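Reviewing the structure listed below.
Number of protein chains: 2
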Amino acid sequence: MRQGIDVELREVGLRDGLQNVDTFFPTVAKIEWLKAEAAAGVPEIEACSFVPPKLLPQFTDCLEVLAEALAIEGCEISALIPNLKGAERGIAAGVPVLNYVTSVSETHNMNNVRRAPAESVEDFARVVELVQSQPEGKRPRLAAGLATAFGCTLEGPIDPKAVVKLAELFVAAGCDEMSIADTVGYANPAQIKSVTKMVLDAIPSDMPLALHLHDTRGLGLANMAAGLEVGITRFDACLAGLGGCPWAPGASGNVIMEDAAFMLEAMGLRTGIDLDALVKVREIVEINLPDKALGGAFAQAGAPKGFRPASQLPAAAE
Amino acid sequence: MRQGIDVELREVGLRDGLQNVDTFFPTVAKIEWLKAEAAAGVPEIEACSFVPPKLLPQFTDCLEVLAEALAIEGCEISALIPNLKGAERGIAAGVPVLNYVTSVSETHNMNNVRRAPAESVEDFARVVELVQSQPEGKRPRLAAGLATAFGCTLEGPIDPKAVVKLAELFVAAGCDEMSIADTVGYANPAQIKSVTKMVLDAIPSDMPLALHLHDTRGLGLANMAAGLEVGITRFDACLAGLGGCPWAPGASGNVIMEDAAFMLEAMGLRTGIDLDALVKVREIVEINLPDKALGGAFAQAGAPKGFRPASQLPAAAE
Numbered sequence: 152m153r154q155g156i157d158v159e160l161r162e163v164g165l166r167d168g169l170q171n172v173d174t175f176f177p178t179v180a181k182i183e184w185l186k187a188e189a190a191a192g193v194p195e196i197e198a199c200s201f202v203p204p205k206l207l208p209q210f211t212d213c214l215e216v217l218a219e220a221l222a223i224e225g226c227e228i229s230a231l232i233p234n235l236k237g238a239e240r241g242i243a244a245g246v247p248v249l250n251y252v253t254s255v256s257e258t259h260n261m262n263n264v265r266r267a268p269a270e271s272v273e274d275f276a277r278v279v280e281l282v283q284s285q286p287e288g289k290r291p292r293l294a295a296g297l298a299t300a301f302g303c304t305l306e307g308p309i310d311p312k313a314v315v316k317l318a319e320l321f322v323a324a325g326c327d328e329m330s331i332a333d334t335v336g337y338a339n340p341a342q343i344k345s346v347t348k349m350v351l352d353a354i355p356s357d358m359p360l361a362l363h364l365h366d367t368r369g370l371g372l373a374n375m376a377a378g379l380e381v382g383i384t385r386f387d388a389c390l391a392g393l394g395g396c397p398w399a400p401g402a403s404g405n406v407i408m409e410d411a412a413f414m415l416e417a418m419g420l421r422t423g424i425d426l427d428a429l430v431k432v433r434e435i436v437e438i439n440l441p442d443k444a445l446g447g448a449f450a451q452a453g454a455p456k457g458f459r460p461a462s463q464l465p466a467a468a469e
Numbered sequence: 152m153r154q155g156i157d158v159e160l161r162e163v164g165l166r167d168g169l170q171n172v173d174t175f176f177p178t179v180a181k182i183e184w185l186k187a188e189a190a191a192g193v194p195e196i197e198a199c200s201f202v203p204p205k206l207l208p209q210f211t212d213c214l215e216v217l218a219e220a221l222a223i224e225g226c227e228i229s230a231l232i233p234n235l236k237g238a239e240r241g242i243a244a245g246v247p248v249l250n251y252v253t254s255v256s257e258t259h260n261m262n263n264v265r266r267a268p269a270e271s272v273e274d275f276a277r278v279v280e281l282v283q284s285q286p287e288g289k290r291p292r293l294a295a296g297l298a299t300a301f302g303c304t305l306e307g308p309i310d311p312k313a314v315v316k317l318a319e320l321f322v323a324a325g326c327d328e329m330s331i332a333d334t335v336g337y338a339n340p341a342q343i344k345s346v347t348k349m350v351l352d353a354i355p356s357d358m359p360l361a362l363h364l365h366d367t368r369g370l371g372l373a374n375m376a377a378g379l380e381v382g383i384t385r386f387d388a389c390l391a392g393l394g395g396c397p398w399a400p401g402a403s404g405n406v407i408m409e410d411a412a413f414m415l416e417a418m419g420l421r422t423g424i425d426l427d428a429l430v431k432v433r434e435i436v437e438i439n440l441p442d443k444a445l446g447g448a449f450a451q452a453g454a455p456k457g458f459r460p461a462s463q464l465p466a467a468a469e
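Chain order of the listed sequences is A and B.
Each residue of the first sequence is one higher than the last, beginning at 152 in our numbering.
Each residue of the second sequence is one higher than the last, beginning at 152 in our numbering.
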């Protein structure tokens, strides 16, 4: 965790938010979005996905976007990789953090990457080898992302033991950090606490663990607060809650970045984010996705009268 | 708490949800709504407000609505009273629970009922006297509602000590139960926990304490989950999140009943509510408020695959 920040929010809108959007979000606008959000203080941004461009044409401009993103100071840039091929591309592009995503749900993983989860870990082990074969200073950190960890639209409930087992496999294979994802918005606060605690108990105590939450059924922020209760301090979020199904307008995608940042700042937890500047970034999304209904209660309602965000309070001695 | 229920959700849409709606919601539709929601298993409904009809014409049909509401079996009916006059009307109507609402914010209370909060408690003491002078069996329970307990649009932050002081005054004056309200959606989970704990410490341990939450900045359910963390098991909510400002469509009013019930049931906490039946009640609101955008993520997304609500699981030994 960088100094002066209590909870790290990572913007995943440029990846998870855009991957289901058919409209091509112009490259210059992606770069504008990245820069504006970094300038608002967001400490980490997942800038794109190395899923093959023929599957997700939204990311054909991945290298152009990354070239600009990596030049931004003070904001960590990551990218999603689905397999070894993606890792090769990510390393070549010089991305410092690569997120390798595998579904705990066997059916979901088969559908997504045509492999069983355990086979994905074998592929991941080859990614680790590849990274270790790079010269020092050119080795990205590898994050293992455990998708559908709280339920799956294809399989329904997911056994927490399967989450723990997959987490252990990834640790054994050599991941540097981990995230567990409520990919389809099935989780509830009690489940977040119990599953997250099980995973925390199974992985090394110094391994960063993040939560990736969706707001599909309105529980995104309640689940984030539940994560805080068990000590999680790293969360993914999307500006305007992008990432939802196109037929469900409003707050039904990823947990909403502006509302999450407001909640944390109101709770006295510093995110390093300037809320006003963050809300302004919505304009870039609005202009480029004019048919998309943007989610976000804080952006609509504004700050409470007399509100003092934690990041703007006099710093306590650290 | 009635048998077989872990958390009690009270529908306040017919009061808080409608009080800012200019369109008169037809009396028959109010009654239809009440009956449908009681049939869906909602254990308590605040059916109307005894604010003078010239101030809130929405409630001119209060007595007609109550006559039908009080005939419903298995659902507790309550009504809001702003003053002694309201109490007289409520007692005459035979309402079993009367909610006397006072703002912790002096400015807000002056604006609402033209009295300082402490003067409201003096008025409340006369309400208690009036109730005690009634023949046994005709004495309603009196709930004290502490509005703007987590912040006020006029005053900004509210000192938790003022909340505790007002709570103590109401206890001394003889209230039977209490609720603390985030009237304008300013609260955050950390604040909910700290203020609620302070109030719990100040009131008798056997006095029921409820939370009344708004979703204005998206934190409604996170705040409800925070309330659960400190032992609160009674919450107000509004079908479709009614109660928001007319210019902010969607999830910006009271905490959304359907999403709240889903969250609790998913957490293994029985509400006694049938979620499918509850979602159907929205049709009554849709038909009668066609221009109102209804909030509610659960109603849009539906239940997770394989979802088993707590109320439908085999009962554990009690």
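Note that beta-carbon positions come from the ideal geometry of N, C-alpha and C, so glycine has one too.
All values reported here derive from a predicted model rather than from experimental measurement.
Chain-ordered neighbours of B:Leu360 on chain A, where CB pairs are closer than 9 Å: In chain order: nothing, as chain A lies at least about 20 Å away.
message: Can you list, in chain order, the residues of its chain with a C-beta nearer than 8 Å to that of B:Pro204? Leave out the 5 residues immediately preceding and following it.
response: Correct list, in chain order: Phe210, Thr211, Cys213.
message: Under 8 Å: do the region 300-314 of chain B and the region 443-458 of chain A share three or more Cβ pairs, one atom per stretch?
response: Yes: at least three Cβ pairs fall under 8 Å.
task: Could you check if B:Thr334 is buried or exposed, using at least 16 other CB atoms within 10 Å of its CB as the buried criterion?
output: The residue is buried, with at least 16 neighbouring Cβ atoms inside 10 Å.
field: CB contact check: B:Pro397 to chain A, cutoff 8 Å
entry: Confidence at B:Pro397 is low in this model, with a pLDDT of 46, below 50, so its placement is unreliable and the value that follows should be read with caution. By this cut-off, B:Pro397 is not an interface position.
query: Which residue from B:Gly192, B:Phe175, B:Val179 puts its Cα closest to that of B:Val430?
result: The alpha carbon of B:Val430 has as its nearest neighbour, out of B:Gly192, B:Phe175, B:Val179, the alpha carbon of B:Gly192.
message: 8 Å is my cut-off, CB to CB: does B:Tyr337 come that close to chain A?
response: Yes, B:Tyr337 lies at the interface with chain A (some Cβ there is under 8 Å from its Cβ).
- prompt: Using a C-beta cutoff of 8 Å, does A:Pro474 count as contacting chain B?
  reply: Residue 474 of chain A lies beyond the stretch modelled for chain A, which goes from 152 to 469, so this question has no answer here.
task: For A:Glu159, I'd like the list of residues in its chain whose CB is within less than 7 Å of its CB, leaving aside the five on either flank, ordered along the chain.
output: Excluding residues within five positions, the ones whose Cβ falls inside 7 Å are Met152, Pro194, Glu195, Thr384, Arg385.
- prompt: When DSSP labels each residue in this structure, what does B:Met375 get in the three-state scheme?
  reply: Of the three classes helix, strand and coil, the one that applies to B:Met375 here is helix, per DSSP.
message: Looking at the secondary structure, which residues open and close the alpha helix (DSSP H) in which A:Ser345 lies?
response: Taken as a continuous stretch (DSSP letters only), the alpha helix (DSSP H) holding A:Ser345 covers 340-353.
task: Could you please give the first and the last residue of the uninterrupted beta strand (DSSP E) stretch that includes A:Leu274?
output: Checking the displayed sequence, the identity of residue 274 of chain A turns out to be Asp instead of Leu. Membership of A:Asp274 in any beta strand (DSSP E) is not indicated; the residue belongs instead to the alpha helix (DSSP H) covering 268-283.
query: Exposed or buried, B:Arg161, counting other C-beta atoms within 10 Å across all chains shown (16 or more means buried)?
result: Burial call: buried.
- prompt: For A:Ser254, is the classification buried or exposed, using 16 other Cβ atoms within 10 angstroms of its Cβ as the cut-off for buried?
  reply: The residue is buried, with at least 16 neighbouring Cβ atoms inside 10 Å.
- prompt: Mind listing which residues of the region 416-435 of chain A have their C-beta closer than 7 Å to chain B's C-betas, in chain order?
  reply: Within the region 416-435 of chain A, the residues whose Cβ lies closer than 7 Å to any Cβ of chain B are, in chain order, Ala417, Met418, Gly419.
field: Span of the beta strand (DSSP E), counted from its first residue to its last, around A:Phe386
entry: 385-388 is the span of the beta strand (DSSP E), which, as asked, contains A:Phe386.
- prompt: Going by other Cβ atoms of all chains shown within 10 Å of its Cβ, with 16 needed for buried, is A:Val118 buried or exposed?
  reply: Outside the modelled stretch of chain A, which goes from 152 to 469, sits residue 118 of chain A, for which no answer is possible.
- prompt: Listed in chain order, which residues of the region 368-384 of chain A have Cβ atoms closer than 9 Å to some Cβ of chain B?
  reply: Across the region 368-384 of chain A, CB contacts with chain B closer than 9 Å involve Arg368, Gly369, Leu370, Gly371, Leu372, Ala373, Asn374, Met375, Ala376, Ala377, Leu379, Glu380, in sequence order along the chain.
- prompt: chain B partners of A:Gly168, CB-CB under 7 Å?
  reply: Neighbourhood of A:Gly168 in chain B, by CB distance below 7 Å: empty, with the nearest CB roughly 17 Å away.
query: Are B:Leu198 and B:Val216 closer than 8 Å when you measure CB to CB?
result: For clarity, residue 198 of chain B is Ala in the given sequence; the question names Leu instead. In this structure, B:Ala198 sits near B:Val216, with a CB-CB distance shorter than 8 Å.
- prompt: When the cut-off is 8 Å and only beta carbons count, does A:Asp333 lie next to chain B?
  reply: Cβ-Cβ to chain B under 8 Å: no for A:Asp333.
- request: Measure the alpha-carbon distance for B:Glu328 versus B:Leu297 and round it to whole angstroms.
  value: For B:Glu328 and B:Leu297, the distance between alpha carbons rounds to 11 Å.
task: Could you give the DSSP three-state label for A:Trp398: helix, strand or coil?
output: In this prediction, A:Trp398 has a pLDDT of 43, which is less than 50 and means its spatial position is unreliable; nothing more can be read from the coordinates.
query: At what residues does the alpha helix (DSSP H) containing A:Leu214 begin and finish?
result: Annotation for A:Leu214: the continuous alpha helix (DSSP H) segment containing it runs 213-220.
query: Hey, does B:Thr304 have any beta-carbon neighbour from chain A nearer than 8 Å?
result: Put simply, the CB of B:Thr304 is near chain A, with a gap under 8 Å to one of its CB atoms.
- prompt: What is the C-beta distance between A:Ala269 and A:Leu320, in whole angstroms, given that I count them as a contact (C-beta under 8 Å)?
  reply: So it is a contact: roughly 7 Å between Cβ atoms.
query: If you follow the beta strand (DSSP E) that B:Asn250 is part of, which residue opens it and which one closes it?
result: 248-254 is the extent of the beta strand (DSSP E) around B:Asn250.
query: Is A:Ile435 helix, strand or coil by DSSP?
result: Per DSSP, reduced to three states, the secondary structure at A:Ile435 is helical.
query: Rounded to whole angstroms, how far is the Cβ of B:Leu445 from the Cβ of B:Ala388, which I believe are closer than 8 Å?
result: 14 Å between Cβ atoms; not a contact.
query: Start and end of the beta strand (DSSP E) containing A:Arg161?
result: It spans 159-162 - the beta strand (DSSP E) in which A:Arg161 sits, taken as one unbroken run.
Simplified DSSP assignment, three categories, for B:Gly423: Three-state result, B:Gly423: coil.
query: By Cβ distance below 7 Å, which residues in the same chain neighbour A:Ala452 in space, the five residues on each side in sequence not counted?
result: Taken in chain order, the list of residues that qualify is empty.
Pairwise C-alpha distance: B:Leu362 and B:Met375: Roughly 8 Å separates the two Cα atoms.
- prompt: Cα separation between A:Tyr337 and A:Arg421?
  reply: Looking at the two C-alpha atoms, the distance is approximately 28 Å.
query: Using a beta-carbon distance below 8 Å, is A:Gly307 in contact with chain B?
result: Yes, because at least one Cβ of chain B sits closer than 8 Å to the Cβ of A:Gly307.
message: Which residues in chain A have a C-beta closer than 8 Å to the C-beta of B:Phe449? List them in chain order.
response: Near B:Phe449 (Cβ distances below 8 Å), the residues of chain A are Arg368, Gly369.
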